[in-house]
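Okay, so here's the structure we're looking at.
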Amino acid sequence: MSIVIVNKISELREIIKKEKSAGKKIGLVPTMGCLHNGHKSLMLKAVQNADFTVISVFVNPIQFCPGEDYDKYPRTLDSDKKIAESAAVDVIFAPSVNEMYPGLEKFSDLTMVVPPYELTDIMCGKSRVGHFDGVETVVSKLFNIVQPDIACFGMKDIQQLFLIKKMVKDLNFPVEIIECPLVREESGLALSSRNKYLSEKEKEYALSISKTLFLIGEAVKNGIIDTKKLLDIALTNLNKNVELEYLEFVNKDTFEKIDEINHTAICAMAARVGDVRLIDNIIIEV
Ligand code: PAF
120 MSIVIVNKIS
130 ELREIIKKEK
140 SAGKKIGLVP
150 TMGCLHNGHK
160 SLMLKAVQNA
170 DFTVISVFVN
180 PIQFCPGEDY
190 DKYPRTLDSD
200 KKIAESAAVD
210 VIFAPSVNEM
220 YPGLEKFSDL
230 TMVVPPYELT
240 DIMCGKSRVG
250 HFDGVETVVS
260 KLFNIVQPDI
270 ACFGMKDIQQ
280 LFLIKKMVKD
290 LNFPVEIIEC
300 PLVREESGLA
310 LSSRNKYLSE
320 KEKEYALSIS
330 KTLFLIGEAV
340 KNGIIDTKKL
350 LDIALTNLNK
360 NVELEYLEFV
370 NKDTFEKIDE
380 INHTAICAMA
390 ARVGDVRLID
400 NIIIEV
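To convert a position in the sequence shown, counted from 1, into our numbering, add 119.
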């Protein structure tokens, strides 16, 4: 059966109701579109774990901070449709802003889901103030609209994944979160919709991000566990055209910052290459 594109919440609810009453397990992959193979791996995982899979394609205005790329964020529904079809997804839910946030004049009028401050005053949340409030709010709405049994999220957005798992637990959403590994190009560059913005030269510079993370992984294997020393290694190796926003080490289970790697940890980086902000991370098992 070919894929169906649905724009209205009421129409989607009807479809889901029918599938649920036929005993189908519903899978959801929330996306902002501009789909690539990283998203495809999430869709394939959802299709494998559910009987009926919905992906949402919605560039969510409330998770963009002032001055960010909301207006210029790539909108590519035609090619998204092809990729979703190739993963055997059943429905693309592509609502308008007005459908998701009807009549809203300013986003401060909206009831929001807000994650704990200590978990957002680090990594991406520190520079993107309010970003995760927007993410958790839209993901909550999507969970309420689709009522999925499972939902797939990628480990590239590792802070987002942690916060969504916590939100699901704290707010008792009846959904199982499936975490999917980060997907890289052969070169090592983490797949991202924002890679589209990079020139060939910038792409070369951007490779230094994953290379530096891998170097840190190797250094830990060689016994360097002091995160200050690991940061020094990163700073001396990162290409000079890559402007570091943060390099942070956190405990994988609690997201607390750590001084030494003596428990499974996440080493995460955000950096700018030209105007493009990129994120990447590695899990360091000990
Ligand atoms: O990861 C993303 O693309 C977005 O943050 C998400 C989860 C689709 C919410 O808009």
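Note that CB positions come from ideal geometry on N, CA and C, so glycine has one too.
- L332 is the residue among N341, L332 and D345 whose C-alpha sits nearest the C-alpha of L357.
- Under the DSSP assignment, S175 falls in the beta strand (DSSP E) whose first and last residues are F171 to V176.
- For the pair L223 and K260, the Cα-to-Cα distance works out to about 15 Å.
- One Cα belongs to I344, the other to I380, and the distance between them is close to 5 Å.
- DSSP, read as helix, strand or coil, puts M162 in helix.
- Going by DSSP, L332 is part of the alpha helix (DSSP H) stretching over E319 to K340.
- Excluding five sequence positions before and after P267, the CB atoms of its chain that fall closer than 8 Å to its own CB belong to I145, G146, L147, A169, V173 and V294, given in chain order.
- Scanning its chain for C-beta atoms nearer than 8 Å, with the 5 sequence neighbours on each side dropped, one finds around T383 the residues N370, K371, D372, I402, I403, E404 and V405, in chain order.
- Here M388 is bridged, per DSSP, to L366 and D399.
- The closest CA to that of I277, considering only V125, T195, I335 and L238, is found on L238.
- In terms of Cα proximity to T346, the closest of F368, E362, E364 and E337 is F368.
- Proximity of the stretch 223 to 236 to the stretch 151 to 171 falls short of the contact definition, fewer than three beta-carbon pairs being nearer than 8 Å.
- Annotation: F251 to K340 spans about 33 Å, alpha carbon to alpha carbon.
- Boundaries for T150: no alpha helix (DSSP H) harbours it, while the beta strand (DSSP E) harbouring it runs I145 to T150, taken from the DSSP string.
- If you check the CB distance, H158 and I211 do not come in under 8 Å.
- Residue burial is scored here from C-beta neighbours: I283 has at least 16 other C-beta atoms within 10 angstroms and is therefore classed as buried.
- Nearest in C-alpha terms to Q182, of all of A207, V395, S227 and I328, is S227.
- DSSP assignment within the stretch 173 to 246 yields the following whole alpha helix (DSSP H) runs of 4 residues or more, N-terminal first: 196 to 205, 216 to 219, 236 to 239 and 242 to 246.
- The secondary-structure analysis by DSSP pairs D345 across a beta bridge with E379.
- Relative to the ligand PAF, the beta carbon of V392 is positioned no closer than 7 Å to any heavy atom.
- Secondary structure note for I122: it is in no alpha helix (DSSP H), with a DSSP letter that is neither H nor E.
- Looking from the CA of G307, the closest CA among V208, I398 and I134 belongs to I398.
- In the same chain as R247, and ignoring 5 residues on each side of it, the C-beta atoms closer than 6 Å to its own belong to C184, in chain order.
- For E130, the three-state secondary structure derived from DSSP is helix.
- Per DSSP, G273 is one residue of the beta strand (DSSP E) stretching across I269 to G273.
- Here the distance from the Cβ of D240 to the nearest heavy atom of the ligand PAF is not below 7 Å.
- Here A309 is bridged, per DSSP, to R303.
- A distance criterion of 7 Å places the beta-carbon of V294 beyond contact range of the ligand PAF, judged by its closest non-hydrogen atom.
- Our two residues, I269 and V208, have alpha carbons roughly 14 Å apart in a direct line.
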